[in-house]
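Same order as they appear, the protein sequences are chains G and A. To convert, note that position 89 of the first sequence is 106 in my numbering; the numbers rise steadily by one, no gaps. To convert, note that position 23 of the second sequence is 406 in my numbering; the numbers rise steadily by one, no gaps.
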Amino acid sequence: QSVLTQPPSVSGAPGQRVTISCTGSGSNIGAGFDVHWYQQLPGTAPKLLIYANDNRPSGVPDRFSGSKSGTSASLAITGLQAEDEADYYCQSYDNSLSGYVFGTGTKVTVL
Amino acid sequence: QVQLRQSGPGLVKPSQTLSLTCAISGDSISSNSAAWNWIRQSPSRGLEWLGRTYYSSKWYNDYAVSVRGRITINPDTPKSQFSLQLSSVTPEDTAVYYCAGAAMEDFYGLGVWGQGTTVTVSS
Numbered sequence: 018q019s020v021l022t023q024p025p026s027v028s029g030a031p032g033q034r035v036t037i038s039c040t041g042s043g044s045n046i047g048a049g050f051d052v053h054w055y056q057q058l059p060g061t062a063p064k065l066l067i068y069a070n071d072n073r074p075s076g077v078p079d080r081f082s083g084s085k086s087g088t089s090a091s092l093a094i095t096g097l098q099a100e101d102e103a104d105y106y107c108q109s110y111d112n113s114l115s116g117y118v119f120g121t122g123t124k125v126t127v128l
Numbered sequence: 384q385v386q387l388r389q390s391g392p393g394l395v396k397p398s399q400t401l402s403l404t405c406a407i408s409g410d411s412i413s414s415n416s417a418a419w420n421w422i423r424q425s426p427s428r429g430l431e432w433l434g435r436t437y438y439s440s441k442w443y444n445d446y447a448v449s450v451r452g453r454i455t456i457n458p459d460t461p462k463s464q465f466s467l468q469l470s471s472v473t474p475e476d477t478a479v480y481y482c483a484g485a486a487m488e489d490f491y492g493l494g495v496w497g498q499g500t501t502v503t504v505s506s
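Listed below in structure tokens is the structure:
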């Protein structure tokens with residue numbers, strides 16, 4: 018169902034830097050549509066973490082950053098903390114489906 | 384601060400219609416700079432955008448291809464809420480359903496979410 022592919026899991030020690038990739042195609046990310054990122058803690062609704070590729074909503078720590086290039090986007094977490102252990106999802110628009118699509122999701126584990 | 388509050392049954396029988404409501408506080412449903420969405424999440428399908436309604440001189444709806452023909456999203460301006468109706472449900476429609484708001488200032492990222500409603504389709 019998902020047209021945006023993410024690695025199932027990434028892990029890192031406290032203080033380390035981890036990155037999560039989001040691979041799309043020419044009908045979504047490659048077509049120039051914005052990518053948004055969400056953090057989902059267990060049992061809660063997703064929370065907007067990065068909007069429009071590389072912008073942080075108010076209150077989101079600057080440890081989180083986003084980028085986009087070609088048909089892919091990335092989320093980076095620097096200075097990893099225990100509270101960052103969560104599932105992360107990318108989202109974009111797909112013009113062949115005429116609707117929004119989410120990534121497959123990545124579980125971040127803090128070792 | 385915008386808040387969304389969902390309501391609706393957690394159990395629906397197969398072939399019947401799933402109905403959920405999302406009440407908005409802190410913003411106008413008729414805002415020209417917001418869109419109101421429904422999303423669901425299940426282990427088998429992950430996060431799935433279902434559709435949205437938004438106002439721009441008149442009301443518009445967009446629906447996901449996967450549920451088109453079965454889905455209706457209606458705004459209720461006097462009550463400042465919007466609803467989801469999904470007809471002819473099957474066990475495949477069992478999921479946690481979320482409403483979410485997207486603001487132009489966030490380039491329509493889903494910046495506010497409801498608490499989620501677990502819907503089970505079973506007889």
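Think of the CB as a built atom: it goes at the ideal place given N, C-alpha and C, for glycine as much as any other residue.
Nearest residue (CA-CA) to residue i, options the options
i, options, result
"Ile454/A", "Leu401/A, Arg388/A, Pro392/A", "Leu401/A"
"Gln464/A", "Lys396/A, Ser408/A, Pro397/A, Ala485/A", "Ser408/A"
"Leu97/G", "Gly83/G, Thr126/G, Gln23/G, Gly76/G", "Thr126/G"
"Ala103/G", "Gln57/G, Ser82/G, Val118/G", "Gln57/G"
"Ala99/G", "Phe119/G, Ile67/G, Leu128/G, Ser75/G", "Leu128/G"
"Ile422/A", "Ile37/G, Ser28/G, Gly116/G", "Gly116/G"
"Ser466/A", "Asn457/A, Pro474/A, Ala483/A, Thr473/A", "Asn457/A"
"Gln468/A", "Thr436/A, Ala418/A, Gly494/A, Gln384/A", "Thr436/A"
"Ala485/A", "Val472/A, Tyr438/A, Val448/A", "Tyr438/A"
"Ile37/G", "Asp111/G, Ser89/G, Leu114/G, Ser44/G", "Ser89/G"
"Pro461/A", "Ser411/A, Arg388/A, Gly393/A", "Ser411/A"
"Tyr443/A", "Ala418/A, Met487/A, Ser505/A", "Ala418/A"
"Leu493/A", "Thr123/G, Tyr55/G, Asn112/G", "Tyr55/G"
"Gly434/A", "Ser390/A, Ser413/A, Cys482/A, Asp459/A", "Cys482/A"
"Asn415/A", "Gln424/A, Tyr491/A, Gly393/A", "Tyr491/A"
"Tyr68/G", "Gly29/G, Val27/G, Gln108/G", "Gln108/G"
"Val35/G", "Gly83/G, Tyr110/G, Asn112/G, Ser75/G", "Gly83/G"
Short CB-CB distance (under 7 Å) between residue i and chain A
i, result
"Phe119/G", "yes"
"Tyr105/G", "no"
"Ala69/G", "yes"
"Ser19/G", "yes"
"Asp111/G", "no"
"Ala11/G", "The displayed coordinates of chain G run from 18 to 128. Any statement about residue 11/G would go beyond what the structure contains."
"Gly116/G", "yes"
"Asp51/G", "yes"
Residue i versus residue j: straight-line alpha-carbon distance, rounded
i, j, result
"Gly499/A", "Ser427/A", "17 Å"
"Leu21/G", "Ser398/A", "31 Å"
"Cys39/G", "Ala406/A", "32 Å"
"Leu92/G", "Leu66/G", "10 Å"
"Pro1/G", "Val479/A", "There is no way to answer for residue 1/G, as the model of chain G reaches only from 18 to 128."
"Glu431/A", "Pro31/G", "32 Å"
"Ile46/G", "Gly87/G", "7 Å"
"Thr503/A", "Lys396/A", "8 Å"
"Ser28/G", "Gly497/A", "29 Å"
"Val495/A", "Asn420/A", "10 Å"
"Leu114/G", "Gly429/A", "17 Å"
Interface flag, residue i vs chain G, CB-CB below 7 Å
i, result
"Tyr438/A", "no"
"Tyr481/A", "yes"
"Leu430/A", "yes"
"Asp489/A", "yes"
"Leu469/A", "no"
"Leu493/A", "yes"
"Trp421/A", "no"
"Gly499/A", "yes"
"Trp442/A", "no"
"Ala418/A", "no"
"Ala447/A", "yes"
Closer than 7 Å to chain C by CB, residue i
i, result
"Gly391/A", "The structure shown contains no chain C; its protein chains are G and A."
Whole-angstrom C-beta distance between residue j and residue i, which should lie under 8 Å
i, j, result
"Ser42/G", "Val118/G", "10 Å between Cβ atoms; not a contact."
"Arg80/G", "Thr95/G", "5 Å"
Which residues DSSP lists as bridging residue i, in chain order
i, result
"Asp459/A", "Gln464/A"
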